[in-house]
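Residue numbers (the working numbering), protein chains in the order written: chain A, 131 to 373; chain B, 131 to 373.
Just so it is clear, CB atoms sit at the ideal spot from N, CA and C, and this is done for glycine as well.
Note that this is a predicted model, so its numbers are computed, not measured.
Protein chains: 2
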Amino acid sequence: MTMVANKIKKSHINVNADCSTCVSLGCSVLRNCSPECLQEVSAAKRCFVYVKGQRILMEGIESDGVYFINTGKVKIFKSDKDDKQLILRFAKSGEILGFCSIDERKEQPVSAVALDDTVICYLDNKDFMRIIRDNPELALGLLKFYNEELIEVENKSLKLARMNVPGKVADALMTMYDAYGSNGKNCTLNLMLSRQDIANLAGTTKEQVSKALSEFKLKGIVKTKGKQIDILNLNSLRSIAEI
Amino acid sequence: MTMVANKIKKSHINVNADCSTCVSLGCSVLRNCSPECLQEVSAAKRCFVYVKGQRILMEGIESDGVYFINTGKVKIFKSDKDDKQLILRFAKSGEILGFCSIDERKEQPVSAVALDDTVICYLDNKDFMRIIRDNPELALGLLKFYNEELIEVENKSLKLARMNVPGKVADALMTMYDAYGSNGKNCTLNLMLSRQDIANLAGTTKEQVSKALSEFKLKGIVKTKGKQIDILNLNSLRSIAEI
DNA sequence: TGAATAAAATGACATTTGTCAACTTTGCTT
DNA sequence: AAGCAAAGTTGACAAATGTCATTTTATTCA
Numbered sequence: 131m132t133m134v135a136n137k138i139k140k141s142h143i144n145v146n147a148d149c150s151t152c153v154s155l156g157c158s159v160l161r162n163c164s165p166e167c168l169q170e171v172s173a174a175k176r177c178f179v180y181v182k183g184q185r186i187l188m189e190g191i192e193s194d195g196v197y198f199i200n201t202g203k204v205k206i207f208k209s210d211k212d213d214k215q216l217i218l219r220f221a222k223s224g225e226i227l228g229f230c231s232i233d234e235r236k237e238q239p240v241s242a243v244a245l246d247d248t249v250i251c252y253l254d255n256k257d258f259m260r261i262i263r264d265n266p267e268l269a270l271g272l273l274k275f276y277n278e279e280l281i282e283v284e285n286k287s288l289k290l291a292r293m294n295v296p297g298k299v300a301d302a303l304m305t306m307y308d309a310y311g312s313n314g315k316n317c318t319l320n321l322m323l324s325r326q327d328i329a330n331l332a333g334t335t336k337e338q339v340s341k342a343l344s345e346f347k348l349k350g351i352v353k354t355k356g357k358q359i360d361i362l363n364l365n366s367l368r369s370i371a372e373i
Numbered sequence: 131m132t133m134v135a136n137k138i139k140k141s142h143i144n145v146n147a148d149c150s151t152c153v154s155l156g157c158s159v160l161r162n163c164s165p166e167c168l169q170e171v172s173a174a175k176r177c178f179v180y181v182k183g184q185r186i187l188m189e190g191i192e193s194d195g196v197y198f199i200n201t202g203k204v205k206i207f208k209s210d211k212d213d214k215q216l217i218l219r220f221a222k223s224g225e226i227l228g229f230c231s232i233d234e235r236k237e238q239p240v241s242a243v244a245l246d247d248t249v250i251c252y253l254d255n256k257d258f259m260r261i262i263r264d265n266p267e268l269a270l271g272l273l274k275f276y277n278e279e280l281i282e283v284e285n286k287s288l289k290l291a292r293m294n295v296p297g298k299v300a301d302a303l304m305t306m307y308d309a310y311g312s313n314g315k316n317c318t319l320n321l322m323l324s325r326q327d328i329a330n331l332a333g334t335t336k337e338q339v340s341k342a343l344s345e346f347k348l349k350g351i352v353k354t355k356g357k358q359i360d361i362l363n364l365n366s367l368r369s370i371a372e373i
């Protein structure tokens with residue numbers, strides 16, 4: 131990322147005028163929508179590039195619309211009063227951000243920040259609400275999505291409450307693996323996070339993450355080189371992360 | 131509760147043949163449904179009494195249908211491999227249990243146990259799925275409900291990750307207060323839980339709960355007599371529970 | 001009502017986790 | 001490529017929390 135790119139703010143771009151041929155349609159809540167519904171979305175949407183590190187949603191602030199990720203990586207988190215973050219999940223291609231109520235204006239419950247340069251399609255709330263009401267299959271898709279999110283966060287709660295630190299760190303690595311996958315025969319995680327962000331995901335401190343990773347390295351479970359993490363023994367990691 | 135009552139299992143009763151006049155309709159996802167929709171539900175539902183301590187849902191087991199609470203109190207929780215529970219929320223009059231997917235059979239992500247004798251209306255999945263598909267306003271109601279649940283569990287995650295034990299216990303008391311309210315000028319919580327269950331709610335141990343409650347008593351924030359808890363200073367408690 | 005039993009409170013102690021400081025490595029800038 | 005700043009590692013220590021044993025207080029049932 132160059133200094134120049136860092137300074138670009140909400141540059142409006144035209145990714146794909148027609149949502150029905152979008153690369154991220156297949157993994158979106160919109161995938162079961164009718165051609166007419168997608169037509170409506172295509173007409174109402176606007177696309178933006180968010181550079182690495184740029185904020186998309188701010189916890190506590192109302193959002194005027196919803197965001198669909200076209201390409202990129204986004205972390206979704208909450209902060210306590212000392213600004214310590216807890217990363218709740220990662221969003222990827224096709225996922226929706228910023229939808230938090232169908233019938234009332236509401237403060238965003240979470241923050242969202244781009245982890246890579248990310249292309250996003252934006253829809254005004256009033257357009258999206260109308261489209262939802264006109265398209266029952268979209269409401270069902272959203273229901274399914276949020277139901278699954280709820281189950282995931284419930285699992286996360288149990289882990290935060292009952293796991294020890296090595297377990298939490300192992301689980302954080304599994305989450306990174308599940309979210310964006312790995313590359314090559316070394317199983318290099320596609321997501322590179324700082325130790326602080328791994329701690330924010332695991333619910334511990336950066337020092338504890340360092341110590342847990344060192345322990346995993348000794349056991350031959352992972353290999354690290356800076357922010358790059360290779361998973362050498364996925365089963366072992368999974369069993370440490372088991373609850 | 132008598133020994134006799136304890137042995138009653140799924141005794142079928144007839145609470146109210148017509149859902150449109152149900153006492154719990156106003157606080158249910160069904161409240162915005164059309165008369166025709168409620169007619170369908172009325173025809174398909176069956177009602178049961180679950181006695182205090184009786185299990186309604188078992189984590190990991192598929193459920194054949196969904197449950198609406200007519201009257202009573204229910205705890206919803208997950209367990210780790212040592213059977214330590216984390217209470218995720220309480221369900222009350224009008225709330226739905228056991229709905230976890232619209233289009234596929236799925237294991238229950240949570241367990242549910244009656245905390246008082248509880249009257250429940252049951253709907254087979256196939257009936258409920260049909261009713262959802264026929265009534266878009268119901269899908270929207272469910273979407274709103276699960277969206278709010280998600281926000282609550284996200285908040286809970288942050289607290290579990292970042293709060294100290296007194297904060298977690300204060301938050302647990304606030305949750306008990308918010309779920310079922312209080313009675314009288316002494317502000318006696320309507321929900322009476324064992325110290326173990328308060329610990330399961332707070333994400334700590336029963337001994338730590340005892341110690342935190344003793345601390346709160348010294349500060350004049352609460353008064354306890356066995357399982358009965360009076361909140362003497364709600365603002366103080368709320369500020370301890372703040373994150 | 002009064003044993004008997006279960007639950008809660010308390011203190012001592014062990015364990016885990018967080019914090020801080022010093023040092024090492026990495027990666028960026030010139 | 002060297003130097004600098006930021007990030008990561010490590011160990012010592014402090015603080016918080018969990019565990020266990022004991023005492024005290026509720027609750028149950030005859």
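Check, Outcome
"Could you please give me the residues that DSSP links to B/V249 through a beta bridge?", "B/V179 and B/T201"
"Please classify B/Q215 as buried or exposed, where buried requires at least 16 other C-beta atoms within 10 Å of its C-beta.", "buried"
"Taking B/V240 as the query, report the chain A residues whose CB atoms sit under 8 Å from its CB, ordered along the chain.", "E284"
"By Cβ distance below 7 Å, which residues in the same chain neighbour A/T132 in space, the five residues on each side in sequence not counted?", "Because the pLDDT of A/T132 is 32, which lies under 50, any placement of that residue in the model is unreliable, and the question is left without a value."
"Considering B/S241, what are the terminal residues of the beta strand (DSSP E) in which it resides?", "S241 to A244"
"Kindly indicate which three-state DSSP category B/T305 falls into: helix, strand or coil?", "helix"
"Note down, in chain order, each residue of its chain lying with its Cβ closer than 7 Å to the Cβ of B/N374, except the 5 sequence neighbours on either side.", "Residue 374 of chain B is absent from the model: chain B starts at 131 and stops at 373."
"For B/L288 and chain A, any beta-carbon pair shorter than 8 Å?", "yes"
"In whole angstroms, what separates the C-alpha of A/L364 from that of A/R292?", "22 Å"
"Could you please tell me which residues of the stretch 206-222 of chain B, in chain order, have their CB closer than 7 Å to any CB of chain A?", "K208, D210, K211, K214, L216 and L218"
"Run down chain B in chain order and give the residues with a C-beta less than 8 Å from the C-beta of A/A269.", "P266, A269, L270 and L273"
"Measure the CB-CB distance between B/K298 and B/A332 and report whether it falls below 8 Å.", "yes"
"Tell me the rounded alpha-carbon separation between A/I199 and A/K208.", "19 Å"
"Can you give, in chain order, each stretch of the beta strand (DSSP E) that sits fully within the stretch 221-297 of chain B and has at least 3 residues?", "241-244 and 248-254"
"May I ask you to list the residues that DSSP assigns as paired with A/T318?", "A/N313 and A/D360"
"Would you call the stretch 261-274 of chain A in contact with the stretch 263-281 of chain B, where contact means no fewer than 3 C-beta pairs closer than 8 Å?", "yes"
"Name the DSSP beta bridge partners of B/R161, please?", "Its beta-bridge partners do not exist; DSSP assigns none."
"Who does A/I206 pair with in a DSSP beta bridge?", "A/R219 and A/A242"
"Taking just the CA atoms, how far does B/I250 sit from B/A174?", "14 Å"
"Helix, strand or coil for A/L323? Go by DSSP, reduced to three states.", "coil"
"Under three-state DSSP, which class holds B/E337?", "helix"
"Grouping DSSP H, G and I as helix and E and B as strand, with all else coil, what is B/I370?", "helix"
"Look at the Cβ atom of A/M306, then the Cβ atom of A/A371, and state whether they are nearer than 8 Å.", "no"
"Go ahead and label A/M190 buried or exposed: buried means 16 or more other beta carbons lie within 10 angstroms of its beta carbon, across all protein chains shown.", "Contrary to the premise, residue 190 of chain A reads as Gly rather than Met in this sequence. Result: exposed."
"Any beta-carbon of chain A closer than 8 Å to the one on B/G333?", "yes"
"Of all Cβ atoms in chain B, is any one closer than 8 Å to the Cβ of A/C230?", "yes"
"Identify, in the order they occur along the chain, each residue of the same chain with its Cβ nearer than 8 Å to the Cβ of B/C167, setting aside the five sequence neighbours on each side.", "L160, I261, D264, N265, E267 and L268"
"Could you tell me the boundaries of the beta strand (DSSP E) in which A/I186 lies?", "R185 to L187"
"Using the Cα positions of A/H142 and A/S172, report the straight-line distance between them to the nearest angstrom.", "15 Å"
"Sort B/M322, B/L343, B/S340 and B/K353 by Cα distance to B/D246 and report the nearest one.", "B/M322"
"Using a Cβ-Cβ cut-off of 7 Å (strictly less than) and excluding sequence neighbours within five positions of A/L187, which residues of its own chain qualify?", "S193, L227, G228, Q238, V240, S241 and A242"
"Measuring straight from C-alpha to C-alpha, what distance separates B/F220 and B/L155?", "18 Å"
"With a CB to CB cut of under 7 Å and the five nearest residues on each side skipped, what residues in its chain are close to B/F258?", "G195 and V196"
"Starting from B/K353, trace the beta strand (DSSP E) in both directions and tell me its first and last residue.", "V352 to K355"
"Please compile the residues from chain B whose C-beta is within a distance smaller than 8 Å of the C-beta of A/L187.", "In chain order: nothing, as chain B lies at least about 13 Å away."
"Tell whether a beta-carbon distance below 8 Å holds between A/G311 and A/T248.", "no"
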